[in-house]
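Residue numbers (the working numbering): 5 to 344.
Even for Gly, the Cβ is constructed at its ideal location relative to N, Cα and C.
Just so you know, these numbers come straight off a predicted model, no measurement behind them.
Working notes, structure below.
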Amino acid sequence: MASEATTLTVEGPHGEREMRISSPSRVLWPDLGLTKLDLARYVADVGDAFVAANGDRPVSLQRFPEGIDGEMFFSKNPPKGAPEFVRSVKVIYPSARSHPQLVIDEPAAAVWAVQMNTIVFHPWPSRADNTDNPDQLRIDLDPQPGTDFDDAVPAALELRSVLAEAGLTAFIKTSGNRGLHVFAPIEPTREFLDVRHAVIAAARELERRMPEQITTNWWKEERGQRVFVDFNQANRDRTMAGAYSPRALAHAPVSCPLEWDELEKADPKQFTIATVPDRLRTTGDPWADMHANQGTIDVLLKWWERDLAAGLGEMPFPPDYPKMPGEPPRVQPSRAKKKS
Numbered sequence: 005m006a007s008e009a010t011t012l013t014v015e016g017p018h019g020e021r022e023m024r025i026s027s028p029s030r031v032l033w034p035d036l037g038l039t040k041l042d043l044a045r046y047v048a049d050v051g052d053a054f055v056a057a058n059g060d061r062p063v064s065l066q067r068f069p070e071g072i073d074g075e076m077f078f079s080k081n082p083p084k085g086a087p088e089f090v091r092s093v094k095v096i097y098p099s100a101r102s103h104p105q106l107v108i109d110e111p112a113a114a115v116w117a118v119q120m121n122t123i124v125f126h127p128w129p130s131r132a133d134n135t136d137n138p139d140q141l142r143i144d145l146d147p148q149p150g151t152d153f154d155d156a157v158p159a160a161l162e163l164r165s166v167l168a169e170a171g172l173t174a175f176i177k178t179s180g181n182r183g184l185h186v187f188a189p190i191e192p193t194r195e196f197l198d199v200r201h202a203v204i205a206a207a208r209e210l211e212r213r214m215p216e217q218i219t220t221n222w223w224k225e226e227r228g229q230r231v232f233v234d235f236n237q238a239n240r241d242r243t244m245a246g247a248y249s250p251r252a253l254a255h256a257p258v259s260c261p262l263e264w265d266e267l268e269k270a271d272p273k274q275f276t277i278a279t280v281p282d283r284l285r286t287t288g289d290p291w292a293d294m295h296a297n298q299g300t301i302d303v304l305l306k307w308w309e310r311d312l313a314a315g316l317g318e319m320p321f322p323p324d325y326p327k328m329p330g331e332p333p334r335v336q337p338s339r340a341k342k343k344s
């Protein structure tokens, strides 16, 4: 049986806050015996870096009331009972509906989300005061069956060069699983569709340079044993696990920012809620200055237009999206062949 509530002191920009943690001994990661209180302490320990990476953005919460082996659900609307210092912002979804989403402005707000059984935090790539215009270009490198993290590493290094040629400074983090996430800060002057097209342009250029290792094929049956560049993660209401967010996997990994010179020797399994706080204290935050210099996606959009002129059109959108202009049929290729 879970124990009674305890209180955790959380430091932040407005001083200390006493945060109530109910059921602190509830085990969230059974293989390790890590509890809800362990998670809350982790979030408080990395609080400054966590807020720097994920704060001032709408965030979706991936919640696990009984731990990682139990029921899971996504919470886009802020959970009820938020403290007065926790705010929300209204966002518009692809369906044109709008709802409020939580915004994390200080470590105590993230700890409160843990109190509400959040394990994984999914921040938007746009700021709370301008949710329609991303200030981050994000690219998800997703190793397919038969490939692994080691296959994503050379892809990320080449992608860094691609983005540099487009005038962008790339930052890298582990996904917390087998993949890698590449981010680049951008001026928030373009809408989501433009940023999606910029990501597709970068992905196609990467695929041209590494055709045996990289794929942009949306349909899994066409990807083969390659690293998939998931361009649809650049759409509105599509998010990745945030930097320093825990993941709901057995060894309690963290989506951990890296320096580029660490990447080739990195083992993603080493970055966990047990190890990352000490890493931050000793090596600092590789993403601390991410937004010091924002680039533009102008060059990538020129590449997009170049590819359009060469006959490469729009790519498929996620299945829950409305039909989009120029989109190819959302029919699995093998099924399309049977119909013909």
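Identity of the residue in the options nearest residue i by Cα
i	options	result
Thr-135	Leu-106, Ile-143, Val-124	Leu-106
Ala-247	Ala-160, Leu-262, Glu-268, Ala-132	Leu-262
Thr-276	Ser-64, Ala-238, Cys-260	Cys-260
Met-120	Asp-324, Pro-28, Ile-96	Pro-28
Arg-21	Trp-116, Ala-296, Arg-339	Trp-116
Leu-12	Met-76, Asp-155, Glu-266, Ala-114	Ala-114
Ser-64	Pro-147, Phe-235, Met-244	Met-244
Arg-285	Trp-264, Asp-42, Leu-38, Asp-49	Asp-49
Trp-128	Gly-183, Ala-53, Phe-196	Phe-196
Gly-74	Arg-30, Val-93, Phe-153	Arg-30
Ser-338	Pro-323, Lys-224, Pro-320	Lys-224
Met-76	Thr-122, Val-118, Asp-52, Val-90	Thr-122
Exposure of residue i, with buried meaning 16 or more beta-carbon neighbours within 10 Å
i	result
Glu-169	exposed
Met-5	Confidence at Met-5 is low in this model, with a pLDDT of 45, below 50, so its placement is unreliable and the value that follows should be read with caution. When all chains shown are included, Met-5 counts as exposed.
Tyr-46	buried
Pro-62	buried
Asn-58	buried
Lys-348	Examination of residue 348 is not possible in this model, given that the chain is present from 5 through 344 alone.
Asp-35	exposed
Arg-242	buried
Ser-130	buried
Phe-68	buried
Phe-89	exposed
DSSP bridge partner residues for residue i (one or two, in chain order)
i	result
Val-186	Ile-143, Ile-176
Lys-94	Pro-104
Thr-11	Arg-24
Thr-122	Arg-67
Pro-62	Val-107
Whole-number beta carbon distance between residue j and residue i, since they are thought to touch under 8 Å
i	j	result
Leu-141	Ile-190	5 Å
Arg-251	Val-124	6 Å
Ala-159	Met-214	6 Å
Pro-104	Ser-92	4 Å
Is there contact here, the segment 299-311 with the segment 77-90, by at least three beta-carbon pairs under 8 Å?
-> Counting Cβ pairs under 8 Å, fewer than three are found: no touch.
Below 8 Å, can you find three or more Cβ-Cβ pairs linking the segment 142-154 to the segment 228-238?
-> Touching, per the Cβ criterion.
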